[in-house]
DNA sequence: TTGGATTATTTACATTGTTAATTAAATTTG
DNA sequence: CAAATTTAATTAACAATGTAAATAATCCAA
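Following this line, the structure appears as C-alpha cells:
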C-alpha cells in the first residue's frame, strides 16, 4: 500500500516541521516564546492543525526533549577514542558542561522542566532517553573502579554524585545563580571546568586508603 | 504623624496577606496554581487591587523568594553549636538537602526559576539573600582549610563545588530525574545523604598529599 | 462639609491553550 | 467516472490569564 506509506511520511514531515518551528522559537527567545499560534504561523497552518499531530503542548515538549538527548549523544562522539576510563569520565563531564551551556533551552527541557516528565508518566513509559545516557555514565564509573582509577564502591552512588555535580554547575549557571562566584560570563565555563577538575582529582584513587 | 504610620502598617499588612495567599496556593498545588485572581479571591479583594501592592506577578515571586531564604536561615539554626567546621559543613549540606526536599516550591523559587532573578536585575540590585547564604558556606569552607580538615586551595572554588553538588541532588530529585537511581520516593533522602557523605569523605584531608 | 488624595472596583483587552462545528480535500467504492 | 466516505484543515468559540484604563468609593485635611 504505497498510499498509506506516503501518508505516514507526510504526517511525519509535518510533525518534524512543528518540532523544528518550536526549536527555532525557544532557542531564540526561550520557552515563554513557544506558543501554539506562533508555531502555526511558522509552519503556515492554522493553530488547531497542530493538535492533529500532537495531543497537547506538553507532548510537543516531550518530543523536543528526546531530540535534545539525540543532540547530546552526538556531543559525546568524541568519547569513543579515549581508553583511560577516568579521562573518559572527565571528558564526559566536560561535554556535559559544554552541552548545557551551549544549549540552555534544550538543557532546561531535558533536566529541569517538569512538563516532559509528566507526559512520560501519563503514557506509562519511562525516561528512556535519559536513562540510556546515564547507563553510559554508570558503565564508565564502574570501569574506573574495576581498573583501580577510583576507590571501589557503589558505582550507582558515585555516578549519581558525579551527575549531580555537573548538573548543579550547569543549572546554577544557566539560571544565573552563579554571579557571586563568577563575575563575568566569559569566565563561567573555565570556572566550571576547574570545578570539575577539582572533583576528578578528589575522587582519583591515589592509593590513600587500602 | 500617627496616621501615616498606620497607613504604612496597613499597606504592609495587605502585602503580607498577598504573599501568604500566594504561599498557600503554590505550596499546595505548585506554581501554576498561583494566579492574580486566585490570590485576590483568597484575600477577598478584586484582582486589580493586587497591582496596587506589587508591580507585577514577578515582583510577588521576588518577594516570596526572599521569604524562602528566611525560612532557610531558620533551618540552619542548628549549625551554631557545631564547632568542628567539617562536621558543620556536612550538617549544612544535610540541612540544604532537607530544606529542598521539604519545600520544593520554595526551592524552585530560590534556585531554579528565572523570574525572581529578572526582577533583581531590573531593579539594579543583586541577589542579596542568596549571596548572604553563600557567604556562610564560603566562611565554613575557609575554616575547614585553615584548620587542615580539607586540602588547602581556593575556598571560592570548593564552595561552588559543594553547593553545585547539593543543588544538583535536590534539583534532580524534585524534578523527578532520579528515578533510575532511586526506585522509591522514601529512599530519595537517604540516598542523597549517602551521596553527600561520599563527597565529604572524598574531600576530607587524610594527609594523602603534602 | 467639601475637595483633593488615596484605595478599590468595574470594564476592558490581548494572549494563551484547547474544543466543537464546519468546510475542504483526498480516497474508496459502486 | 460519480457518489459516498473518510481524512485533513479551518473557522469560531470558550475559559483562563496578566494587566491597563476608566470609574467609583473612601479617607483625611482645610
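Residue numbers (my numbering), protein chains in the order written: chain P, 4 to 213; chain E, 4 to 213.
Positions of the beta carbon are idealized from the N, C-alpha and C atoms, including for glycine.
No experiment lies behind these values; they were computed from the predicted model shown.
- Put simply, the CB of residue 159/E is near chain P, with a gap under 9 Å to one of its CB atoms.
- In terms of Cα proximity to residue 158/E, the closest of 167/E, 143/E, 27/E is 143/E.
- Burial check for residue 154/P: the Cβ neighbour count within 10 Å reaches 16 or more, so the residue is buried.
- As a beta-bridge residue in DSSP terms, residue 207/E pairs with 153/E.
- With respect to chain E, the C-beta atom of residue 21/P has no partner C-beta closer than 9 Å.
- Here residue 59/E carries a coil assignment [DSSP, helix/strand/coil].
- About 21 Å separates the Cβ atoms of residue 117/P and residue 167/E, ruling out a contact at the 8 Å cut-off.
- Contact of residue 28/E with chain P is not assigned, every C-beta pair being separated by 9 Å or more.
- Think of a sphere of 8 Å around the beta carbon of residue 115/P: the chain E residues whose beta carbon falls inside it are 115, 174, 178, in chain order.
- About 4 Å separates the beta carbons of residue 146/E and residue 88/E, which is inside the 8 Å limit, making them a contact pair.
- Contact with chain P is found for residue 181/E, since one of that chain's Cβ atoms lies less than 9 Å from the residue's Cβ.
- Of the candidates 86/E, 82/E, 70/E, 27/E, 86/E places its Cα closest to the Cα of residue 150/E.
- Here the alpha carbon of residue 119/P sits roughly 7 Å from the alpha carbon of residue 112/P.
- Here residue 138/P carries a helix assignment [DSSP, helix/strand/coil].
- The region 183–197 of chain E and the region 70–85 of chain E do not touch, with fewer than 3 CB-CB distances between them shorter than 8 Å.
- Secondary structure note for residue 39/P: its alpha helix (DSSP H) is the uninterrupted segment 39–46.
- Measuring C-alpha to C-alpha distances from residue 55/E to each of 121/E, 140/E, 39/E identifies 39/E as the nearest.
- Cβ neighbours of residue 78/E within its own chain (closer than 6 Å, five residues either side excluded): 98, 102.
- The beta-carbon of residue 205/E is placed less than 9 Å from the nearest beta-carbon of chain P.
- Around residue 64/E, no beta-carbon contact reaches into chain P at under 8 Å, the shortest distance being about 13 Å.
- Contact annotation for residue 134/E against chain P: 183 [CB-CB distance below 8 Å, chain order].
- Contact annotation for residue 108/P against chain E: no contact, minimum CB-CB distance about 12 Å [criterion: below 7 Å].
- At the C-beta level, residue 92/E and residue 203/E come within 9 Å of one another.
- Setting aside the 5 residues that flank it on each side, residue 132/E is surrounded in the same chain by 69, 72, each with a C-beta closer than 6 Å to its C-beta; the list follows chain order.
- For the region 82–102 of chain E, the set of residues with a beta-carbon nearer than 8 Å to any beta-carbon of chain P is empty.
- Close partners of residue 120/E in chain P (Cβ separation under 8 Å): 178, 179, 180.
- Between residue 126/P and the set 138/P, 109/P, 62/P, the nearest pair of CA atoms involves 62/P.
- With a cutoff of 9 Å on beta-carbon distance, residue 57/P and residue 43/P are scored as not near each other.
- Annotation: residue 95/E to residue 156/P spans about 25 Å, alpha carbon to alpha carbon.
- In this structure, residue 37/E places its C-beta atom within 9 Å of the C-beta atom of residue 60/E.
- The Cβ neighbour count for residue 141/P, taken over all protein chains shown within 10 Å, is at least 16; the residue is labelled buried.
- Within the region 148–200 of chain P, complete alpha helix (DSSP H) segments of at least 4 residues are found at 158–177, given in chain order.
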